[in-house]
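Asker: Encoded as structure tokens, here's the structure I'll be asking about.
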Amino acid sequence: MDVGSQVTVLYNSPHQIPLGLLIAQYFYLTGLSAGSFVISVVAILGRKVEYKPLGKIGAILAPLCLILAPMNLLSDMAQPLRFWHLMTYLPGYINFKSPITYGVILLTAYPISATIYAYFVLTGNMKWSKVFAIIGIPLAISVHGYTGFILALGKGRALWNTALMPTLFIVSAMVSGIAMMILIAIVRNMFFMKDKTVEEREKDRQLILGLGKFLGGAIIADLFLLFNDILVLLTSSKEAWETAHLLLWGKFAFEFIGVELFFGSIIPLFLVFYPKTAKTFKWLSIASVLVMIGIYAMRFTVVVGGQSVPLH
0 MDVGSQVTVL
10 YNSPHQIPLG
20 LLIAQYFYLT
30 GLSAGSFVIS
40 VVAILGRKVE
50 YKPLGKIGAI
60 LAPLCLILAP
70 MNLLSDMAQP
80 LRFWHLMTYL
90 PGYINFKSPI
100 TYGVILLTAY
110 PISATIYAYF
120 VLTGNMKWSK
130 VFAIIGIPLA
140 ISVHGYTGFI
150 LALGKGRALW
160 NTALMPTLFI
170 VSAMVSGIAM
180 MILIAIVRNM
190 FFMKDKTVEE
200 REKDRQLILG
210 LGKFLGGAII
220 ADLFLLFNDI
230 LVLLTSSKEA
240 WETAHLLLWG
250 KFAFEFIGVE
260 LFFGSIIPLF
270 LVFYPKTAKT
280 FKWLSIASVL
290 VMIGIYAMRF
300 TVVVGGQSVP
310 LH
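Everything in the sequence shown is counted per numbering that gives the first Met the number 0, starting at 0 for the first residue and increasing by one.
Below you can see the structure in the form of structure tokens.
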């Protein structure tokens with residue numbers, strides 16, 4: 000080979016996606032827990048007696064979802080039997096610069112608080128219910144905001160590295176939490192209130208329909224944040240533009256445009272505000288199911304789609 004000749008080397012560099020579907024499901028379940036807990040607390044702290052049934056529903060759903068959420072983390076771990084190391088080693092070495100430290104503390108404190116809160120709500124102890132409601136609200140918001148914060152620290156990931164991410168996670172948690180509570184409340188009204196008077200069932204029905212309007216408002220807030228996020232991606236760096244390309248007309252366009260936006264937001268928004276569909280349990284149930292599917296798709300596209308642009 001001549002000294003002055005040039006050599007071109009071609010090679011493949013494997014592109015790993017360390018956070019997969021199980022992590023997305025973990026985020027989804029913590030969001031359901033946080034959203035239902037917040038709605039429960041609003042109902043319990045409110046002065047209207049007719050809101051109290053919502054408080055009980057949310058009090059039960061919050062810890063149940065939070066019990067299921069860590070199962071995804073354990074399944075994702077290479078050695079799940081070592082999960083307790085986070086607990087035993089934390090007191091000896093607390094690194095306050097690490098978000099994981101705060102995550103362990105929050106994921107320990109919130110389930111305990113939510114379980115105690117549920118006990119007092121179900122036993123009718125309103126005094127202590129309100130005490131643990133006030134304690135649990137910042138914990139519930141922090142637990143799910145923390146998951147968005149963890150992603151936002153991924154400086155090499157354009158979809159994650161934005162100040163909107165924690166807020167987007169909290170708002171979407173409210174959306175999915177409200178949708179889940181609507182479904183449970185409809186089942187309760189249709190099958191477990193047959194011994195109630197017509198007037199009591201109608202009051203409960205109106206409460207659920209009102210929750211549908213609340214769902215519509217949360218969807219609008221979520222869409223506003225998504226619009227801002229995509230707009231920034233389109234007008235930012237090359238990596239950010241490539242990420243937006245994946246979501247809008249690339250590999251994840253179906254999940255983002257089709258499932259999350261159209262089926263999970265636009266159609267439910269129409270159903271909860273259009274007079275002919277907003278007053279029936281059938282269409283409100285369909286809207287709630289679509290919303291929950293849409294938020295699940297959102298978690299998937301954020302987690303997996305955010306890792307799909309190779310790091311340079």
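Here a beta-carbon is modelled for each residue, glycine too, at the ideal position from N, C-alpha and C.
As a quick exercise: from V40, F272 and T166, pick the residue whose alpha carbon is nearest that of H143.
Answerer: Nearest option by C-alpha distance: T166.
Asker: Does DSSP put K250 in a helix, in a strand, or in coil?
Answerer: Note: K250 maps to coil in three-state DSSP.
Asker: Would you identify the three-state DSSP class for R298, choosing helix, strand or coil?
Answerer: Three-state DSSP puts R298 in a helix.
Asker: In three-state DSSP terms, what is M0?
Answerer: Its pLDDT being 45, under 50, M0 is placed unreliably by the model, and nothing is read from it.
Asker: How is the alpha helix (DSSP H) around Q205 delimited, first residue to last?
Answerer: Residues V197 to L233.
Asker: If you drop the 5 nearest sequence neighbours on each side, which residues of the same chain put their C-beta closer than 8 Å to that of F148?
Answerer: Closer than 8 Å at Cβ, skipping near neighbours: P98, M164 and P165.
Asker: Going by other Cβ atoms of all chains shown within 10 Å of its Cβ, with 16 needed for buried, is L73 buried or exposed?
Answerer: Per the 10 Å Cβ criterion, exposed.
Asker: Measuring straight from C-alpha to C-alpha, what distance separates L283 and T276?
Answerer: In a straight line, the C-alpha of L283 is about 7 Å away from that of T276.
Asker: Judging by CA-CA distance, which residue of G135, I177 and G34 is the nearest neighbour of L208?
Answerer: Out of G135, I177 and G34, I177 has the C-alpha closest to the C-alpha of L208.
Asker: I'd like to check one pair, S287 with L182: are the Cβ atoms closer than 8 Å?
Answerer: Yes, they are a contact pair.
Asker: Confirm, please, whether the CB-CB distance from G304 to E259 is below 8 Å.
Answerer: For E259 and G304, no; Cβs fall outside 8 Å.
Asker: Does the segment 237-255 come within contact of the segment 188-201, defined as at least 3 CB pairs closer than 8 Å?
Answerer: At 8 Å Cβ cutoff, the stretches do not touch.
Asker: If you count every other CB in all the chains shown that lies within 10 Å of the CB of I218, and 16 or more means buried, which is it?
Answerer: The residue in question, I218, is buried, as its Cβ has 16 or more Cβ neighbours within 10 Å.
Asker: Return the residue from the list L222, F269, T107 and E254 that minimises the CA-CA distance to T300.
Answerer: It is E254.
Asker: Of all the options I22, L18, L65 and A23, which has the alpha carbon lying nearest to the alpha carbon of S35?
Answerer: For the residues I22, L18, L65 and A23, the minimum Cα distance to S35 belongs to L65.
Asker: Going by DSSP in three states, G91 sits in which element: helix, strand or coil?
Answerer: In this prediction, G91 scores a pLDDT of 49, lower than 50, which makes its location untrustworthy; no coordinate-derived value is stated.
Asker: Given that a residue counts as buried once 16 or more other Cβ atoms are within 10 Å of its Cβ, and exposed if not, what is Q78?
Answerer: The residue is exposed, with fewer than 16 neighbouring Cβ atoms inside 10 Å.
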